[in-house]
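Heads up, the sequence shown is in full-length UniProt numbering, so the first residue is 1 and it goes up one at a time. No residue lacks a Cβ here, since even glycine has one placed at the ideal position from N, Cα and C.
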Amino acid sequence: MSVNIYDTANQLEREIRETEQFVKLQEAFTAVKNDEEASKIFEEFRSVQQVLQQKQMSGQEITEEEAQHAQEISGKIGQNETISGLLEAEKQVGQMIDDINQVVLKPVRELYQ
């Protein structure tokens with residue numbers, strides 16, 4: 001009996017979309033997109049985050065100005081309930097994905113133990 005692992009993975013992808021965590025993430029993301037102020041802050045946050053990650057990955061130092069700007073944006077994020085809701089929903093989906101990852105990788109972990 002042959003198992004098509006890719007069929008299983010595709011089924012998992014469909015089921016993730018139906019989870020309460022993912023539905024809440026979709027709703028939270030829509031709420032941010034529909035809130036002009038939250039959307040602007042969130043896009044700025046993503047942009048700053050991307051620049052800092054690229055610098056870190058390439059071994060470049062983050063300037064004092066960039067670090068200060070990142071802290072400023074983080075403060076704005078923390079004060080915006082709409083964005084905070086999105087980040088919490090992202091956290092919940094991330095936890096679910098981590099849990100799934102633990103299950104999926106169990107055979108590999110067991111092999112090396």
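Quick one: Cα of Q54 to Cα of T63, how far?
-> Each residue's alpha carbon lies about 13 angstroms from the other.
What is the DSSP secondary structure of N34, reduced to helix, strand or coil?
-> Assigned with DSSP and collapsed to three states, N34 falls in helix.
Straight-line CA distance for T8 to K91?
-> 25 angstroms
Proximity below 8 angstroms, CB of L86 to CB of F29 = yes
Among V32, V108, Q49, Q56, the one whose alpha carbon lies nearest that of A70 = With respect to the C-alpha of A70, the residue from V32, V108, Q49, Q56 having the closest C-alpha is Q49.
Inspect the beta-carbon positions of Q26 and M96 and report whether they are closer than 8 angstroms.
-> no
Under 6 angstroms Cβ to Cβ from I16, same chain only, skipping five residues before and after it: list those, please.
-> F22
Identify, in the order they occur along the chain, each residue of the same chain with its Cβ nearer than 8 angstroms to the Cβ of K33, setting aside the five sequence neighbours on each side.
-> Taken in chain order, the residues that qualify are S39.
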